[in-house]
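Visitor: Residue numbers (my numbering): 4 to 355.
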Ligand SMILES: Cc1cc2nc3c(=O)[nH]c(=O)nc-3n(C[C@H](O)[C@H](O)[C@H](O)COP(=O)(O)O)c2cc1C
């Protein structure tokens, strides 16, 4: 296996030497094919991809912007690829937001992302404080170590398929009026028979948000398979997540973000994450906005579930639609073909 390094040439005035050094170490001994301009982003299907972004202190890279434009325009550009990202900044801001934006664009162009696909170097590298302490090394050593591990993951990972995978569907909507639920019902009928499907509703009052316990307390409860609050999360949701091969998050756009109930679910997943990683579980999503902003909600799901909580992000993980009044989503032009494509993608990802 080899790695294709997509490494936009840095803007003039920002040399990006720190990232160059990290890449030299992480990729030493591997076969590497390097792409430096948007024009060269062709013929890369079925590759293992590492996107390395030198951002300077403004969060803007002109060549990266040209690459984003191509990824967004050409939804087949990276079909069959699996990837990860290294984002290096000169300041403390913009690394994470640029990474999430790039991750969604890669994914919508057909690239899967391994769980925890981001190695992020902020200007000070303060984000490596915990890893450096655990390794007994410097911040820079922790950065290099993380980049090498990511390159290993990107080069070697393959998602395990099953004869009859288990899908856990999480929602917080009313069945009677929700466009998001209507779309899920349309997808579900195409999955039944080949997957086991378990739906859980996280409506108001069933789930308290994370209380932000001290790390050791969270670890203590997590190791016993629970959380300080207990309740539906501990009794029903944690066991269902453990058993699932994939999660489908049903995400109406609430104020250009995931709803509070789904956010509480993700926050409360932290206790389970202390005890286990989710690299071998996939996350899919249906995102519906009344007016606009579906990409922001999808990006939030990528950042929280894939970049943070380590779920595998299958290619084109989200069906993103715009519909407001009840019934409108299932009447959108072309929706049946998109539902068909979404369901087929789930089956292709999960089933033997
Ligand atoms: C609290 C709340 C906030 C919302 N915020 C937005 C928004 O910021 N942008 C938007 O396009 N639609 C917004 N909507 C509309 C929903 O996204 C829209 O109704 C869509 O159909 C998905 O919701 P549904 O599955 O309940 O139908 C909001 C709806 C609610 C109830």
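Ideal Cβ positions, reconstructed from N, Cα and C, are used throughout, including at glycine.
#1: Can you give me the C-alpha to C-alpha distance between residue 35 and residue 6, rounded to a whole angstrom?
#2: For residue 336, which beta-bridge partners are listed by DSSP?
#3: Considering only their Cβ atoms, is the gap separating residue 104 from residue 126 smaller than 8 Å?
#4: Less than 7 Å between the CB of residue 291 and some heavy atom of ligand 1, yes or no?
#5: Kindly give me the distance between the Cβ atoms of residue 123 and residue 248, rounded to whole angstroms, as I take these residues to be in contact under 8 Å.
#6: Return yes when the Cβ of residue 292 is within less than 8 Å of the Cβ of residue 325, no when it is not.
#7: Among the residues of its own chain, which have a CB less than 7 Å from the CB of residue 73, if the five just before and after it don't count?
#8: I'd like to know if the segment 290-304 and the segment 343-354 are in contact, where contact means that at least 3 CB-CB pairs between them fall below 8 Å.
#9: Is the distance from the Cβ of residue 286 to the Cβ of residue 323 below 8 Å?
#10: How many Å lie between residue 166 and residue 194 at the Cα?
#11: DSSP state of residue 51, grouped into three classes?
#12: Buried or exposed for residue 219, going by 16 or more other Cβ atoms inside 10 Å?
#13: Once the 5 residues before and after residue 283 are set aside, which same chain residues still bring their CB inside 6 Å of it?
#14: Compute every distance between the C-beta of residue 288 and the non-hydrogen atoms of ligand 2, then say whether any falls below 7 Å.
#15: Relative to ligand 1, is the shortest distance from any of its heavy atoms to the C-beta of residue 258 smaller than 7 Å?
Guide: Straight from the coordinates:
#1: 5 Å
#2: Beta-bridge pairing links residue 336 to no other residue.
#3: no
#4: yes
#5: With a Cβ gap of about 28 Å, residue 123 and residue 248 do not count as contacting.
#6: yes
#7: 41, 44, 80
#8: no
#9: no
#10: 13 Å
#11: strand
#12: exposed
#13: 163
#14: Within the structure as shown, ligand 2 is missing, the only ligands being ligand 1.
#15: yes
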